[in-house]
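Worksheet: the structure to be examined is printed underneath.
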Amino acid sequence: MKVIFHIDEESKWETLLSNVHHLRQYFDEVNDGQIEVLVNGEAVQSAIKNSFHDLSVLTKQAHVAVCNNSLEARSIRPADLQEGVETVPSGVVELALKQADGYAYIKP
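For what it's worth, our numbering labels the leading residue of the sequence shown as 189, then goes sequentially.
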């Protein structure tokens, strides 16, 4: 199973982190599964270094991709992102590509 989580609101981080944790536990039990987290909109603020949310655990549980369009709109450079977080050119395109590739979509 492949799952993509979508977060675009700062207020949803705790829910997302809990959801990913529980899904990762299940995938580890069945020894199968891929998780990606797509971050765009205002939620990109939590992907920068020294933000309130430390994403180091999340990056070990899932591939974390941040929308470059959202970064540019907020004058955030990719170099400002936490370790293990990658960028994609467009969050909307990434979501569409993943869903076309069979990923289940979850938005907490």
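The beta-carbon is built from N, C-alpha and C at its ideal position, and this holds for glycine as well.
Nothing here was measured: the structure is a model prediction, and the numbers come from that model.
What residue does the beta strand (DSSP E) around residue i start on, and which one ends it?
i      : result
Leu226 : 222-227
Tyr293 : 292-294
Ile195 : 190-195
Ala253 : 251-255
Please name the residue, chosen from the options, that lies closest to residue i on a Cα-to-Cα basis.
i      : options                : result
Ser239 : Arg212, Lys295, Trp201 : Trp201
Asp196 : Ile294, Gly229, Asp268 : Gly229
Gly272 : Tyr291, Arg212, Asp242 : Asp242
Is the beta carbon of residue i less than 8 Å from the beta carbon of residue j?
i      : j      : result
Glu293 : His210 : The sequence shown places Tyr at residue 293, rather than the Glu named in the question. Taking 8 Å as the Cβ cut-off, Tyr293 and His210 do not qualify as a contacting pair.
Pro296 : Leu226 : no
Once DSSP output is grouped into helix, strand and coil, what is the label at residue i?
i      : result
Leu246 : helix
His241 : coil
Glu260 : helix
Glu217 : helix
Glu274 : strand
Considering residue i, what are the terminal residues of the alpha helix (DSSP H) in which it resides?
i      : result
Lys286 : 279-288
*Report yes or no: do the region 234-250 and the region 280-290 share at least 3 C-beta pairs separated by less than 8 Å?*
no
*Can at least three beta-carbon pairs, one atom from the region 228-236 and one from the region 285-292, be found at a separation below 8 Å?*
Counting Cβ pairs under 8 Å, fewer than three are found: no touch.
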